[in-house]
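Have a look at the structure below before the remarks.
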């Protein structure tokens, strides 16, 4: 059995950049929740129990649009599906971590935690993963609380302006993907956007179902593009 030399303290140190990145984004989420009429406990519970980042933004927007519970659950599940694969990759590097502890590590695995974990040249022990993941988790939950509390002190106009922050965040994420994938990413994104607009505006399909159908369709188109690129 390979033994890891990574400690909880090293996990905390590695998790601090994630904390710094999560905190302002979570503040934006808390403000969005406040603007949507959610209470502090509801917003905080979402971050505690779901801990899904982009899927939480999606869930709140669908809730405001009047989407059915099934639509919201399916949409968020599709967005979070990648965590199953990321968790499986992290699990392969765990050293002497079994049973419930593996489940806990899987729950707290996010994109950023996954990136740091898989790049580590050593096996990952329980102490290191606790330090890494709880540091990131604390940044997201505490930022949500701060966002809700700050939102309570802002006027309606300032709360509506929070939407600009949300669009800026996703634009930054989109720019990074386009830089890596080029025209293919733009094409797939355009297909998803057009399909969603056609379904919701043209055919008056519910916001949640429009998103689910558009996302699945875009995934199929993206897979076809990847297949042609490999050939």
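Numbering (our numbering), first residue to last: 1 to 231. Just so it is clear, CB atoms sit at the ideal spot from N, CA and C, and this is done for glycine as well. It should be emphasised that the depicted structure is a prediction, and the values quoted were computed from it without experimental measurement.
Inter-residue spacing [alpha-carbon to alpha-carbon] between residue i and residue j
i           : j           : result
residue 104 : residue 221 : 34 Å
residue 92  : residue 106 : 11 Å
residue 72  : residue 21  : 26 Å
residue 60  : residue 124 : 35 Å
residue 141 : residue 44  : 7 Å
residue 131 : residue 202 : 49 Å
residue 212 : residue 204 : 14 Å
residue 149 : residue 110 : 25 Å
residue 53  : residue 101 : 23 Å
residue 55  : residue 135 : 20 Å
residue 1   : residue 96  : A caution first: residue 1 carries a pLDDT of 42, below 50, which makes its placement in the model too unreliable to give a value.
residue 11  : residue 194 : 43 Å
residue 216 : residue 24  : 30 Å
Whole-Å CB distance - residue i paired with residue j, under 8 Å assumed
i           : j           : result
residue 118 : residue 90  : 7 Å
residue 19  : residue 138 : 7 Å
residue 235 : residue 26  : The first residue shown for the chain is 1 and the last is 231, placing residue 235 beyond what the model contains.
Helix, strand or coil at residue i [DSSP, three-state]
i           : result
residue 203 : coil
residue 124 : strand
residue 94  : strand
Classification of residue i by the beta-carbon crowding that lies within 10 angstroms, buried from 16 upward
i           : result
residue 152 : exposed
residue 133 : buried
residue 94  : buried
residue 41  : exposed
residue 5   : exposed
residue 79  : buried
The alpha helix (DSSP H) enclosing residue i, as first and last residue numbers
i           : result
residue 235 : Since the first residue of the chain shown is 1 and the last is 231, residue 235 is not available in this structure.
residue 9   : 8 to 35
residue 82  : 82 to 91
residue 64  : 54 to 64
residue 45  : 40 to 49
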